[in-house]
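Asks:
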Amino acid sequence: MTTPLLSLQGLTKAYPGVVANDQVSFDIGEGEVHALLGENGAGKSTLVKMIYGLVKPDSGIMQLRGQPFAPPEPRAARADGIAMVFQHFSLFDALNVAENIALGMENPPSMGDLASRIRDVSETYGLPLDPYRTVGDLSAGERQRVEIIRCLLQDPKLLIMDEPTSVLTPQEVDILFETLNKLRSEGTSILYISHKLEEIRTLCDHATILRLGKNVGECIPAETSARDMAEMMVGATLQTPERAGREFGEVALDVSGLSVPSPSEFGTALKNVHLTVRKGEVLGIGGVAGNGQDELLGVLSGEIQTPADAIRFNGQPIGKLGPTARRRLGVLTAPEERLGHAAAPDMSLVENALLTGSVREGLESNGFLKWADTRSFAEKIISAFDVRTPGPENAARSLSGGNLQKFVIGREVLQNPDVLVVNQPTWGVDAAAAASIRQAILDLAAKGSAVICISQDLDELMEISDSFAALNEGRLSAPRPTTGLTVDEIGLMMGGAHGMEVAHV
Amino acid sequence: MIVLEKRPQPSKAWSYATPLVAVLATMVFGGILFAILGKNPIEAIGTIFWEPLFGEFAFYYRPQLLVKGAPLVLIAIGLSLGFRAGIWNIGAEGQYIMGAIFGAGAGLAFYPLEAWYIFPVMVIAGAFGGWLWAIIPAFLKVRFGTNEILVSLMLVYVAEQMLASVSLGLLKNPEGFGFPGSRNLQQYDSAHNAELIAGSGMHWGVVTALIAVIFAYVLLNRHMLGFHIRLTGEAPRAAKFAGVNPARLILFCLGLSGALAGLAGMFEVSGPSGVVSIDFNVGYGFTAIIVAFLGRLHPVGILLAGGLMALTYIGGEIAQSQLGLPAAAIQVFQGMLLFFLLAFDLLTNYRIRAAHSEVA
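Same order as they appear, the protein sequences are chains A and B. 1 is the number of the first residue of the first sequence in my numbering; add one for each residue after it. 506 is the number of the first residue of the second sequence in my numbering; add one for each residue after it.
1. Can you check whether the C-beta of Leu-586(B) is within less than 8 Å of a C-beta belonging to chain A?
2. Here's the rule I'm using: 16 or more other beta-carbon atoms within 10 Å means buried, otherwise exposed. How should Met-1(A) be labelled?
3. Once you ignore the five residues that flank Leu-613(B) on each side, which residues in its own chain have a CB closer than 7 Å to its CB?
4. For Asn-394(A), go through chain B and note every residue whose CB falls closer than 7 Å to its CB, in chain order.
5. How would you list, in chain order, the residues of chain A whose beta-carbon sits under 7 Å from the beta-carbon of Gly-905(B)?
6. Starting from the Cα of Glu-422(A), find the closest Cα among Ala-310(A), Arg-312(A), Ser-301(A) and give me that residue.
7. Between Gly-748(B) and chain A, is the shortest Cβ-Cβ distance under 8 Å, so that the two count as touching?
8. I'd like the ranges of any alpha helix (DSSP H) spanning at least 4 consecutive residues and lying wholly in the region 401-484 of chain A.
9. Given a cut-off of 8 Å on the beta-carbon distance, is the pair Ala-450(A) and Val-255(A) in contact?
10. Can you give the beta carbon distance from Met-627(B) to Ala-664(B), rounded, assuming they're within the 8 Å contact cut?
11. Tell me, please, whether the CB atom of Thr-165(A) is closer than 8 Å to any CB atom in chain B?
12. Could you tell me the boundaries of the alpha helix (DSSP H) in which Ala-833(B) lies?
13. Closer than 8 Å, CB to CB, is Ala-740(B) near chain A or not?
14. Chain A beta carbons: is any one of them nearer than 8 Å to that of Phe-732(B)?
15. So Asp-162(A) is in the alpha helix (DSSP H); what residue range does that whole segment cover?
16. Tell me the rounded alpha-carbon separation between Pro-568(B) and Ser-705(B).
17. Under 8 Å by Cβ, that's how I've got Ile-209(A) and Leu-37(A) pegged, so tell me the actual separation to the nearest angstrom.
18. Select from Ala-98(A), Leu-354(A), Ile-381(A), Phe-89(A) the residue whose C-alpha is nearest the C-alpha of Thr-374(A).
19. Quick one: is Leu-11(A) near chain B, going by C-beta distance under 8 Å?
20. Relative to chain B, which residues along the region 280-304 of chain A have a C-beta separation below 7 Å, given in chain order?
21. Can you tell which of Lys-56(A), Glu-364(A), Arg-312(A) has its C-alpha closest to the C-alpha of Glu-250(A)?
22. Taking 8 Å as the threshold (C-beta atoms), are Gly-635(B) and Gly-779(B) in contact?
23. For Trp-621(B), count the other beta carbons within 10 Å of its own beta carbon; 16 or more makes it buried, fewer makes it exposed. Which is it?
24. Between Ser-185(A), Cys-151(A), Val-173(A), Ala-226(A), which lies nearest to Glu-198(A) when the distance is taken from Cα to Cα?
25. Do the region 568-580 of chain B and the region 829-849 of chain B meet, that is, are 3 or more Cβ pairs less than 8 Å apart?
26. Does Asp-346(A) come within less than 8 Å of chain B when only Cβ atoms are used?
27. Under the rule that 16 or more other beta-carbon atoms within 10 Å means buried, what is Tyr-789(B), buried or exposed?
28. Once DSSP output is grouped into helix, strand and coil, what is the label at Ala-503(A)?
29. Take the Cβ of Val-97(A) as the centre, count every other Cβ of all protein chains shown within 10 Å, and call the residue buried at 16 or more, exposed below.
30. In chain order, which alpha helix (DSSP H) runs of at least 4 residues are fully inside the region 96-147 of chain A?
31. Mapping the DSSP letters down to three states, classify His-490(B) as helix, strand or coil.
32. Based on DSSP bridge pairs, tell me the residues matched to Gly-284(A).
33. Out of curiosity, what's the CA-to-CA distance linking Glu-863(B) and Gly-599(B)?
34. With burial defined as no fewer than 16 other Cβ atoms inside 10 Å of the residue's Cβ, what is the status of Gly-543(B): buried or exposed?
35. Over the uninterrupted beta strand (DSSP E) stretch that includes Asp-254(A), give me the two end residues.
36. Among Ile-857(B), Phe-746(B), Leu-847(B), Met-841(B), which residue has its Cα nearest to the Cα of Leu-537(B)?
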C-alpha cells in the first residue's frame, strides 16, 4: 500500500447556521483522477477551498505525502504543488494571454521567456494557445486553457478542477479529457468536481460523493450506473419530468433576420437570428455561455429594442415594444441572473412579485398599487412552487438560489403566458428543485403555451425540448427536432470545438 | 479580530436606531471638540439643543425653527426621490436660487399692481425656475450620458453669478439708492409670503413642505412610479426588466427635485428674506443633502431630520453669540452628524462579530 498523495481525515467546517463539511475523509492517490460529486450546496466548494488554503478547517487534518499539510493561504498551497482551475475565470479581458498569466506569478519572467514557456506547455499537453492574443477575444474553452496552462506552469502534483466542462461544447470536452489523461499518465493527480455523471464515468478512477456536507459514499465510477450515483448524490429516488401531449398549434413567436449589437463591450452581437415556436412547443436553445444567450433574452423580453418586424407575436410586430407592453400581450421572460436582474435582492418577495406581475395580475389601478392583491399573488407563487421561506415579507436575497429560482419561474408561469422564455432555468438549483421547474415548464407547454428554454445543460434540453437549436457566436443554428439528435450533431451545432485544434497526444 | 458579517436581510430595528445613535455620537464627539476649544461641552450642547426649544427666548426661536426647517424639508424631499433611484442631484442650491429669481422676478414684473393672482403666478414661476435649472443636467445625462453630479453642481456657481447679476441689474430696486438688491417683497402685499398666523413662523412654504412630505410618502409606498424609483435604486437591471424607462425616470426625478428646490427659494425670497440680494442663498440646498440622508431618504424621517437640522442651525447661532463658539465649529458639528450617520448605517446591513481565532 503506497502513501496517498493527499489524505483528508475528518475535515469539518461550519459556517453560522450551516455545517458545510462534516467529518469528511478520503484519499487521493498518486496519478489518480478523483471525482468529487455532489449537488449544489453539498459542500464541494468548501472542501476544495480548504485544500487550496482559502478556508481553514475547524477540525480535522490533511496530509500531503504523509506530511502534515495545513496551507495558511493559496500561495502556500501552490508552493506545495496544489493548483486550481476555478469555475469562474479570473482573467482580464483587455490583457493578452501572457500578461494574464504573468499577473498570477510570484516572479514573472520576461514576456518573451514566458511566451515561449506557454507555447511549450500548450504544445506538450495539446492545448494550442497563442500567448499574444487578447483574452477578450477568446472563446470560453480557450479561456479555460489559459487557466489550465497557468496551473501547469507551476508543475503541480494535484490539479483541482471545479466544474470545468460547464462552459465547453462536447468536442471541447473531448480535448480537455485528452489533456487530463496525459497529465494522469505523467503522474499528476486530479481532483475533479462535477455533477455531470457521464463525464465522471468516462474520466475518473474513483469518486467520493458528498451530500449535505457529509461523505455519503465512494465508488468506482466506471462500475457504477449514472442513476445509482445520482441517487447517492440526492439521497432519494429521482423523478423524471413527464409531459402529457405533444400537440403543436400555430406559430406563436416568429423571429426573423434579427441582428442587434450587444449593449456591453465584451458581449456578443446577435447575427441574423431566425426562429419560430409553435403553441405547445418547447424550443431548447443550447450553446456555451457568452454566445449571445443574454442578448437573445434581452431582445425577447423587450429590454433591447429591435426593428418592429424582426419579432412577431401571433403575427403582430412587437420588436419596438418594451417589457411592459409585451407582458400585456402575453410574452413573459425569466432571465438567468436571479439577483439583480430577475429579482431585486433587497426587496421583499411581495415587491418582487409586483416586479413583473403588475400588468397581467391587475396589481395596480391608475398607477396606484394594490398591496393586498400583490401579497396574495406572492403567497400563491410560494405555495404553488413550494418556495421555502418564512414568509412573503422576506427579502429576495435571503432565499437560497434554488428557492429564488422557483419563485422567479413560478412568478412567470402563474401569469399564464402565451410565450415564455427562460434562460438557464435550473442553473445552480438542486436536483429536486430542478425537476419541479422542468415539470412546470412542460405543464405550461401542455396547456398550449410556446416555451423557449435557453440552457447550457444539454441533458436538460434533451429531456424537455421538442426541437433544438444552438447559439454560437451570436448565430442561431436551424432548429431540428430533438428526437434522434446525437451528441456529435449537437456539438457541431454548438460550433464544434470553436476553432480549437484537437489535441495530438 | 472584528469581523463584519452581512445580514441575510436589512435590520429594521437598526434602520430606525442609527439616526438616534448618530445624533448621540455627534453630541459626544461634538462635546469633545467644544471642550478642546475651551468651552464647557455640556453647556454648549445644551445651548444648541435646549435653548431654542425651551429656553428663555424660545418664543422667538420656535417660529424660526419652521422658517429654517421648511426649505430644508422641501428641498430634501425632492432630492430623496432622486437619491432613492440613484440619481444624484447635488445642485439644489442653484435650483433654489433660480426659483427665487424667477419667483421674485414674476412678482416684481407686476409691481405696483395689487391682485390676488400675483402670488400664485410667482409660485408657478419659482417652481419653473428650479425645474429649468435641474432639467439641464437631466437632459444632458439622458442625451449625452454626462454625469449629473458634476453638471448640477457646476450649475450652482452659474446660478450664483446670475443672482449677483440680477441683484445688481435687472431686479435692482430703482428706489434703493444704488445699493444692490431688489425691492423688498415683504412691503409688496400681493407678493408677500406672509405668516399665516402672526408670530407662528407658519408661512406657505411650511404648508407646501408638509404637503410634499405626504405626497412623497404616498408616491413611494402606494404608487407604481414610486415603486419604480425604489426598484431603479436597488437593482437597475431588474428595473429595466420590469419595464422602467430610465430616461423618463431621470427627467422626472431631477425635474421634480428642481421644482421643489425652486419653490423653497421662491417662498424664502417672498417671505423671510424678502429681497433678492447677492448673499441671498445660505446653503440650504447643500444642507438638504444631509437632511435627506439623516432622514434615511424616508419622507417622515426627512421631516424629523429637517427639524433637527434647523435646531442645530439656530442653536448654533445662539452658541456663537452667547458662548463665542466659532462658526466653523458649528459646521464641523453638523458635518459630524452626516459622518456618523453614514458610519452607523453599516449596522443596518451588517452585524459586527468578534471572530475567534480559527483552528488550523
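We treat Cβ as the ideally placed atom computed from N, Cα and C, and that holds for glycine. The structure presented is a predicted model; accordingly, all values stated were derived computationally and were not measured.
Replies: Taking the coordinates as given:
1. no
2. Bear in mind that the predicted position of Met-1(A) carries a pLDDT of just 49, short of 50, making it unreliable; the figure below should be weighed with that in mind. Exposed, since its Cβ has fewer than 16 Cβ neighbours within 10 Å.
3. Leu-676, Ser-687, Arg-688
4. Gln-514
5. Outside the shown range of chain B (506 to 865) lies residue 905(B), about which nothing can therefore be said.
6. According to the sequence provided, residue 422(A) is Val. The question's Glu does not apply to it. Of the listed residues, the one whose Cα sits closest to Val-422(A) is Ser-301(A).
7. yes
8. 401-413, 431-446, 458-464
9. no
10. The Cβ separation is near 18 Å, so there is no contact.
11. no
12. 832-854
13. yes
14. yes
15. Premise fails: Asp-162(A) lies in the beta strand (DSSP E), 158-162, not in any alpha helix (DSSP H).
16. 5 Å
17. 5 Å
18. Leu-354(A)
19. no
20. Ser-301, Glu-303
21. Arg-312(A)
22. no
23. exposed
24. Ala-226(A)
25. no
26. yes
27. buried
28. The pLDDT assigned to Ala-503(A) is 43, lower than 50, so where the model puts this residue is not dependable, and the model offers no usable value.
29. buried
30. 97-103, 111-124
31. Because chain B spans 506 through 865 in this model, residue 490(B) falls outside it and cannot be assessed.
32. Cys-453(A), Phe-468(A)
33. Residue placement at Glu-863(B) is poorly supported in this model, since its pLDDT is 45, which falls under 50; the coordinates still yield a value, given next. Each residue's Cα considered, the two are about 55 Å apart.
34. exposed
35. 251-260
36. According to the sequence shown, residue 537(B) is Ile rather than Leu. Ile-537(B) has its Cα closest to that of Met-841(B), out of Ile-857(B), Phe-746(B), Leu-847(B), Met-841(B).
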